[in-house]
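Enquirer: Quick one: the structure is below, questions incoming.
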Amino acid sequence: MENEGYADIRVLEGPQGAWVRIDGRDRLNLCSNNYLGLANDQRVRERVVDALEEWGVGPGAVRTIAGTMGLHLELERKLAKFKGAEAAMVVQSGFCANLAVVPTLTGEGDVIFSDALNHASIIDACRLSRAKTVRYAHSDITDLRRALDEHAPGSGRRLIITDGVFSMDGDIAKLPYIVEAAEDFDAMVAVDDAHGEGVLGRGGRGIVNYFGLHGRVDVEVGTMSKAFGVMGGVVAGKATLIEFLRHSARPNLFSSALTVPDVAANLAAVEIMEEDDSLVRKLWDNGDYLKDALEARGFDTAHSETPITPVIIGDEEAAKEFSRALFERDVFATAITFPTVPRGTARIRAMVSAAHSHSDLDFGANMFAEVGVTMGIIK
Ligand SMILES: Cc1ncc(COP(=O)(O)O)c(C=O)c1O
């Protein structure tokens, strides 16, 4: 098998955290989505151990047969309350959440309007739906409105779908304008808030809270693999819609329920977020701190509006070399290259977390600067 171009997959020799052990050395972790540092939080670990004692491990079945445990329902109630939605349904992952929503709400004869930079799981979900998918230019509301106008209401449904936070650049979807367009053109709106949950809005309640759009977004899709530090997908919206998805969405009908450890850990995570916004505040403080430190050293951090910090290198090979040179200096930050981002905009995407200290980030910025100067990217 040809393996040229495969990424180096690094192997962690211990838990996720601000620092991770790889190849026998501790490395500053600047590439996980563990935004709030909950992946190895003591409170979360204890909750999982207790739940294992009480409930065991596996769900034994899909949700609609024998796999719905009281724990699943408790998590769904708490997530709905956290998001300010009438109801929520959990599935196995964020990827599955998109597969649960898009092909269930749309099909042949319907039209989906999808942002050009939407996540791969949305793209696959659109394909699976067999609806006509119209890509609009990234975050371009004029282009979205043009597309909606061109595909005027007919007999079919129309769904606009967008990432909430775009993970490669860290920019936020213009959701209020998308909702206005949907209302003007009689379309549904779904937002995938994978990188907004635990990050945007009051105490990390997500993009709908951030823009105060409660009741005007039909479906919120999300994941518990990032800020929650665990695994699992979530769909939130009106109770009738969630009930419909529960009985119709194929990932819910044909793939087994989330495991007990996942559900228990997610319960602990949502309770921590409900009680206290200090981790979310720390995350934003760290994001600003690292951006300032990198910009002060002459790096281009593009137009991120969130703690996601892209450091633009440009050339694909140079970005990979940059990442390798960082790794030699005990900084773990992967290169993101074409086709994930447009050719010529290859970058190192630095992901901060609430678990980092300022001195961790100083170390990271210094190592970026050392490599940047050596490679002639900064002076
Ligand atoms: C926007 C978006 N949606 C969905 C996913 C998939 O989430 P999960 O890892 O829970 O399957 C991701 C993760 O990369 C994402 O960024």
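With positions in the sequence shown counted from 1, the corresponding number in this note's numbering is that position plus 85. Here a beta-carbon is modelled for each residue, glycine too, at the ideal position from N, C-alpha and C.
Helix, strand or coil for Asp278? Go by DSSP, reduced to three states.
Expert: Along the sequence shown, read from residue 1 onward, the residue named residue 278 stands at position 193. Three-state result, Asp278: coil.
Enquirer: Quick check on the DSSP output: what are the complete alpha helix (DSSP H) runs of length 4 or more inside the stretch 121-151, in order along the chain?
Expert: Counting only runs of 4 or more, we get 127-140.
Enquirer: Residues with a Cβ closer than 5 Å to any heavy atom of ligand 1, in chain order?
Expert: Residues with a Cβ closer than 5 Å to any heavy atom of ligand 1, in chain order: Ser178, Gly179, Phe180, His204, Ser206, Asp248, Ser252, Asp277, Ala279, Thr308 and Ser310.
Enquirer: Leaving aside the five residues before and after Asp111 along the sequence, list all residues of the same chain whose C-beta is less than 6 Å from its C-beta, in chain order.
Expert: What you label residue 111 is simply residue 26 of the sequence shown in a count that begins at 1. Trp104.
Enquirer: Would you call Phe423 buried or exposed, if buried means 16 or more other Cβ atoms sit within 10 Å of its Cβ?
Expert: Position 338 of the sequence shown, counting from 1, holds the residue named residue 423. Per the 10 Å Cβ criterion, exposed.
Enquirer: Under a Cβ-count criterion, where at least 16 other Cβ atoms within 10 Å of its own Cβ denotes burial, should Ala201 be classed as buried or exposed?
Expert: Within the sequence shown, the letter at position 116 stands for residue 201. Per the 10 Å Cβ criterion, exposed.
Enquirer: With DSSP run on the structure shown, which of helix, strand or coil describes Arg434?
Expert: By 1-based counting over the sequence shown, the position of residue 434 is 349. If DSSP states are grouped into helix, strand and coil, Arg434 belongs with the strands.
Enquirer: Under 8 Å: do the stretch 343-362 and the stretch 225-232 share three or more Cβ pairs, one atom per stretch?
Expert: No, the stretch 343-362 is not in contact with the stretch 225-232.
Enquirer: Hey, could you find the ends of the alpha helix (DSSP H) Val264 is sitting in?
Expert: Working through the sequence shown from its first residue, we reach residue 264 at position 179. That run of the alpha helix (DSSP H) goes Leu260 to Phe270.
Enquirer: Could you give the residue range of the alpha helix (DSSP H) that holds Gly169?
Expert: If you number the sequence shown from 1, residue 169 lands on position 84. Counting along the chain, Gly169 falls outside any alpha helix (DSSP H), and DSSP gives it neither H nor E.
Enquirer: Going by DSSP in three states, Arg230 sits in which element: helix, strand or coil?
Expert: In the sequence shown, counting from the first residue as 1, residue 230 sits at position 145. In this structure, Arg230 counts as helix in the three-state DSSP scheme.
Enquirer: Is the number of C-beta pairs between the stretch 191-205 and the stretch 333-349 that are closer than 8 Å three or more?
Expert: Because the criterion of three Cβ pairs below 8 Å is not met, the stretch 191-205 and the stretch 333-349 do not touch.
Enquirer: Leaving out five residues before and five after Pro100 in sequence, what residues of the same chain have Cβ atoms less than 8 Å from its Cβ?
Expert: Start at 1 with the first residue of the sequence shown, and residue 100 comes out as number 15. Answer for Pro100: Ala124 and Asn125, listed in chain order.
Enquirer: Are Val176 and Leu338 closer than 8 Å when you measure CB to CB?
Expert: Your numbering for residue 176 matches position 91 in the sequence shown. Your numbering for residue 338 matches position 253 in the sequence shown. Contact: no.
Enquirer: Indicate whether Asn183 and Ser206 have their beta-carbon atoms separated by less than 8 Å.
Expert: Within the sequence shown, the letter at position 98 stands for residue 183. Within the sequence shown, the letter at position 121 stands for residue 206. Closer than 8 Å, so yes.
Enquirer: Can you give me the C-alpha to C-alpha distance between Gly397 and Ala324, rounded to a whole angstrom?
Expert: Residue mapping note: residue 397 aligns to position 312 of the sequence shown, counting from 1. Residue mapping note: residue 324 aligns to position 239 of the sequence shown, counting from 1. Per the sequence shown, the amino acid found at residue 397 is Ile instead of Gly. Whole-angstrom Cα-Cα distance: 43 Å.
Enquirer: Assuming Ile421 contacts Arg434 (C-beta within less than 8 Å), just tell me the rounded distance between them.
Expert: One-based indexing of the sequence shown puts residue 421 at position 336. One-based indexing of the sequence shown puts residue 434 at position 349. Indeed they touch by this definition, with Cβ atoms about 5 Å apart.
Enquirer: From which residue to which residue does the beta strand (DSSP E) around Tyr374 run?
Expert: In the sequence shown, the residue the question calls residue 374 occupies position 289. From DSSP, Tyr374 is part of no beta strand (DSSP E) but of the alpha helix (DSSP H) over Ser363 to Ala381.
Enquirer: According to the Cβ coordinates, are Leu121 and Gly255 closer than 8 Å?
Expert: Locating residue 121 in the sequence shown gives position 36, counting from the first residue. Locating residue 255 in the sequence shown gives position 170, counting from the first residue. No, they are not a contact pair.
Enquirer: Given a cut-off of 8 Å, decide if Ala439 and Ala367 are closer than it, judged by their beta-carbon atoms.
Expert: On the sequence shown, residue 367 is found 282 positions in, with the first residue counted as 1. On the sequence shown, residue 439 is found 354 positions in, with the first residue counted as 1. The sequence given here places Lys at residue 367; Ala does not occur at that position. Cβ atoms of Lys367 and Ala439: closer than 8 Å.
Enquirer: If you drop the 5 nearest sequence neighbours on each side, which residues of the same chain put their C-beta closer than 6 Å to that of Phe270?
Expert: Here residue 270 is taken as the residue at index 185 of the sequence shown, counted from 1. Once the five neighbours on either side are set aside, the close Cβ partners of Phe270 are Leu233.
Enquirer: Suppose you measure from the CA of Lys163 to the CA of Arg428; what does that come to, to the nearest Å?
Expert: Mapped onto the sequence shown, residue 163 falls at position 78. Mapped onto the sequence shown, residue 428 falls at position 343. Taking the straight line from one Cα to the other gives about 42 Å.
Enquirer: For Lys376, which residues in the same chain have their Cβ closer than 8 Å to its Cβ, ignoring the five residues on either side in sequence?
Expert: Here residue 376 refers to the residue found at position 291 when the sequence shown is read from its first residue. Excluding residues within five positions, the ones whose Cβ falls inside 8 Å are Thr386, Ser389 and Thr394.
Enquirer: Quick one: using the 10 Å Cβ neighbour count with 16 as the cut-off for buried, is Ala92 buried or exposed?
Expert: Taking the sequence shown and counting its residues from 1, the one referred to as residue 92 is at position 7. Its Cβ having fewer than 16 others within 10 Å, Ala92 is exposed.
Enquirer: Is it buried or exposed, Asp195, if we count other Cβ atoms within 10 angstroms and call 16 or more buried?
Expert: On the sequence shown, position 110 is the one that residue 195 refers to. Answer is buried; the Cβ neighbour count reaches 16.
Enquirer: Which residue comes first and which comes last in the beta strand (DSSP E) that contains Asp447?
Expert: On the sequence shown, position 362 is the one that residue 447 refers to. Not the beta strand (DSSP E): Asp447 falls in the alpha helix (DSSP H), residues His443 to Thr459.
Enquirer: Does DSSP put Leu97 in a helix, in a strand, or in coil?
Expert: Locating residue 97 in the sequence shown gives position 12, counting from the first residue. Of the three classes helix, strand and coil, the one that applies to Leu97 here is strand, per DSSP.
Enquirer: Give the straight-line distance between the Cα atoms of Ile245 and Tyr262, rounded to the nearest whole angstrom.
Expert: As a first step, residue 245 is located in the sequence shown; it is residue number 160 there, counting from the start. As a first step, residue 262 is located in the sequence shown; it is residue number 177 there, counting from the start. If I take the Cα positions, the gap works out to 12 Å.
Enquirer: Measure the C-alpha to C-alpha separation of His157 and Val348 and round it to an integer number of angstroms.
Expert: Residue 157 sits at position 72 when you count from the first residue of the sequence shown. Residue 348 sits at position 263 when you count from the first residue of the sequence shown. In a straight line, the C-alpha of His157 is about 6 Å away from that of Val348.
Enquirer: Taking just the CA atoms, how far does Ala450 sit from Phe407?
Expert: Here residue 407 refers to the residue found at position 322 when the sequence shown is read from its first residue. Here residue 450 refers to the residue found at position 365 when the sequence shown is read from its first residue. Cα to Cα, Phe407 sits roughly 13 Å from Ala450.
Enquirer: Leaving out the 5 sequence neighbours to the left and right, which residues in its chain are closer than 7 Å to Val426 when beta-carbon positions are compared?
Expert: For the purposes of this step, residue 426 is taken as the residue at position 341 of the sequence shown. Excluding residues within five positions, the ones whose Cβ falls inside 7 Å are Met253 and Arg432.
Enquirer: Roughly how many whole angstroms lie between the Cα atoms of Glu402 and Ile208?
Expert: Counting from 1 along the sequence shown, the entry for residue 402 is found at position 317. Counting from 1 along the sequence shown, the entry for residue 208 is found at position 123. So the alpha carbons of these two residues sit roughly 27 Å apart.
Enquirer: To the nearest angstrom, report how far apart Val187 and Gly289 are at their CA atoms.
Expert: Position 102 of the sequence shown, counted from the first residue, corresponds to residue 187. Position 204 of the sequence shown, counted from the first residue, corresponds to residue 289. Between Val187 and Gly289, the C-alpha separation is close to 25 Å.
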